[in-house]
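Trainee: Numbering (our numbering), first residue to last: 249 to 760. Ideal Cβ placement from N, Cα and C applies to all residues, glycine included. It should be emphasised that the depicted structure is a prediction, and the values quoted were computed from it without experimental measurement.
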Ligand code: NDP
């Protein structure tokens, strides 16, 4: 066995995946390469793909940002976030990867910088026979995106270089600040790139359990017949964080939980739970079904926002036994901030499958524990033959993080002579079943983009449809003063009003 083949076999055994055929070589230009996302997530994800033989050995990465930095400093920065142990900790592999990175200092709106970038790309392309394939990754703050897009267009860097090459662009979230700005950004992007070149990323969609939701629903015969209003009482989607605002106060102050989490991640999960079966598992079919469900969600009106949406902001409290500050005391946060760090809402879907089945969504910071999950709560058995016993309705819970897996709860007879029924669960754990943790979401998505598979990326129309659902809430909030904040203590399950949202309909949230 050659060294290369041994490496591949080794990595497949240790990490559970590898690519049999590396992808076509390409140059990746990462805008905002000096930033947090690039260092913490994107470069490690690319390294992960490299050690698992998914990236072509000849790939090249150019980090582009304003900070002055040498190639060596960029590589040193990148190396800090590469694995310190496990299969990827091999110093030789790390060095091979780092040697393929270089840094390019420039201003995002400076035509001269893009002229030089074009020249550099030509050289890299020629020297490494990259075939003209290019991937641009926009990992800057969002107000920089239009500048980069415009300059790429002006420097003739947006179209495919030749008939057989490809040029793609990944755009980070948030995509817009509201419906109008998302439409404006889409218009700007689509003046320069064709929609088929644009990959709007929401890293939640790269998580194994999120993709597994599609396999679970459409690859198995037993669940789909139950997946409708006849058997499902309601759906709960939770994206809870125990962390506070951390270093993102400036961003978060102008975003809040509704924009940051609900408009993107949580509505994405909603559309995967609610969509009809696509004709095929390809980008067009899947995304056509996802947009239909967003379009079927009953839009909230000014008068329904108050009944259906709860906002909250954390005050001081205790998380995992440690005292933590309230949101307004966090560095960089306005001491009178009206930004919401928690949202809970109820949506209804006006179609045959989901008529009258509420979708309760919630997301917040500084909650009792980190948990992203989708819980399908089934209806009670129509008649209870076991007198005196009450059985909790069945729940199917898809855990997205921190531990990816699926569990089904049902009533079982407890041992003994008496008929006593207790809830038990049947569990599937990703790590246990496959002997490995799932791949980092960013690695999955960058891998898909290089393969030209846009299935797990957002299309222009679905981004705009998601904003269309969120805009009336933003508008209603803007025209009224916020509730008395803070209205929940850090380390709890959120504000009391969120409990009332479900309790008023005889339901309750799953405890965190
Ligand atoms: P950073 O704030 O770290 O910004 C990235 C880089 O952009 C900086 O290193 C800086 O590079 C440049 N930059 C920062 N501010 C400005 C500015 N005002 N004008 C021009 N350039 C600026 O952002 P992140 O890396 O955290 O995030 C990048 C993008 O990814 C954002 O859109 C964010 O919303 C999104 N995102 C981030 C996540 C994360 O975990 N960090 C998670 C999900 C999405 P230089 O000064 O060298 O040019």
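Quick check: is any heavy atom of the ligand NDP less than 7 Å from the C-beta of residue 387?
Mentor: Residue 387 Cβ: within cutoff of the ligand NDP.
Trainee: Taking the beta strand (DSSP E) that residue 560 belongs to, which residues open and close that run?
Mentor: Unbroken beta strand (DSSP E) run through residue 560: 557-560.
Trainee: Measure the C-alpha to C-alpha separation of residue 672 and residue 757 and round it to an integer number of angstroms.
Mentor: So the alpha carbons of these two residues sit roughly 19 Å apart.
Trainee: Is residue 620 near the ligand NDP, judged by its Cβ being under 7 Å from some heavy atom?
Mentor: Not so, every heavy atom of the ligand NDP lies at least 7 Å from the Cβ.
Trainee: Are residue 315 and residue 356 closer than 8 Å when you measure CB to CB?
Mentor: No; because the gap between Cβ atoms is not below 8 Å, this pair is not in contact.
Trainee: Quick one: Cα of residue 700 to Cα of residue 689, how far?
Mentor: Distance between the alpha carbons of residue 700 and residue 689 is about 17 Å.
Trainee: Pop quiz: residue 594 and residue 606 are said to be a contact at Cβ under 8 Å. What is the actual Cβ separation, rounded to whole angstroms?
Mentor: Right, the Cβ-Cβ distance comes to about 5 Å (below 8 Å), so this counts as a contact.
Trainee: State the beta-bridge partners of residue 608 as determined by DSSP.
Mentor: DSSP, once it has assigned bridges, lists 484, 594 as partnering residue 608.
Trainee: Where residue 556 and residue 518 are concerned, what is the direct C-alpha to C-alpha distance, given to the nearest angstrom?
Mentor: Between residue 556 and residue 518, the C-alpha separation is close to 16 Å.
Trainee: For residue 603, I'd like the list of residues in its chain whose CB is within less than 7 Å of its CB, leaving aside the five on either flank, ordered along the chain.
Mentor: Excluding sequence neighbours, residue 603 sits near 477.
Trainee: Note down, in chain order, each residue of its chain lying with its Cβ closer than 6 Å to the Cβ of residue 703, except the 5 sequence neighbours on either side.
Mentor: Cβ within range, chain order: 531, 534.
Trainee: Since residue 671 is in the beta strand (DSSP E), which residue starts that stretch and which ends it?
Mentor: Residues 669-677.
Trainee: Quick one: what's got a C-beta closer than 8 Å to residue 369's C-beta in the same chain, skipping five residues either side?
Mentor: These residues qualify, in order along the chain: 275, 277, 310, 382, 405.
Trainee: Out of 598, 600, 736, 751, state which residue places its alpha-carbon closest to the alpha-carbon of residue 573.
Mentor: Per the Cα distances, 736.
Trainee: Hey, which unbroken runs of the beta strand (DSSP E) at 3 residues or more fall wholly within the stretch 358-398?
Mentor: Within the stretch 358-398, the complete beta strand (DSSP E) runs of at least 3 residues are 382-386.
Trainee: Compute the beta-carbon to beta-carbon distance between residue 739 and residue 458, rounded to the nearest angstrom, for a pair I have assumed lies under 8 Å.
Mentor: Incorrect: roughly 27 Å between the Cβ atoms, too far for contact.
Trainee: When DSSP labels each residue in this structure, what does residue 453 get in the three-state scheme?
Mentor: Helix, per DSSP.
Trainee: Does the pairing of the stretch 414-424 with the stretch 438-445 give three or more beta-carbon distances under 8 Å?
Mentor: These segments touch.
Trainee: Is there at least one non-hydrogen atom of the ligand NDP closer than 7 Å to the beta-carbon of residue 497?
Mentor: Residue 497 Cβ: outside cutoff for every heavy atom of the ligand NDP.
Trainee: Between which two residues does the beta strand (DSSP E) containing residue 311 stretch?
Mentor: First-last of the beta strand (DSSP E) with residue 311: 308-313.
Trainee: When DSSP labels each residue in this structure, what does residue 740 get in the three-state scheme?
Mentor: Here residue 740 sits in strand by DSSP.
Trainee: With distances taken from CA atoms, which of 289, 520, 279 is nearest residue 397?
Mentor: Residue 279 is the option with its Cα nearest to residue 397.
Trainee: Please determine if the stretch 316-334 and the stretch 291-305 are in contact, where contact requires at least 3 C-beta pairs separated by less than 8 Å.
Mentor: Touching, yes.
Trainee: Suppose contacts are defined by Cβ-Cβ distances below 8 Å. Is residue 542 in contact with residue 713 by that definition?
Mentor: Yes, the Cβ-Cβ distance between residue 542 and residue 713 is below 8 Å.
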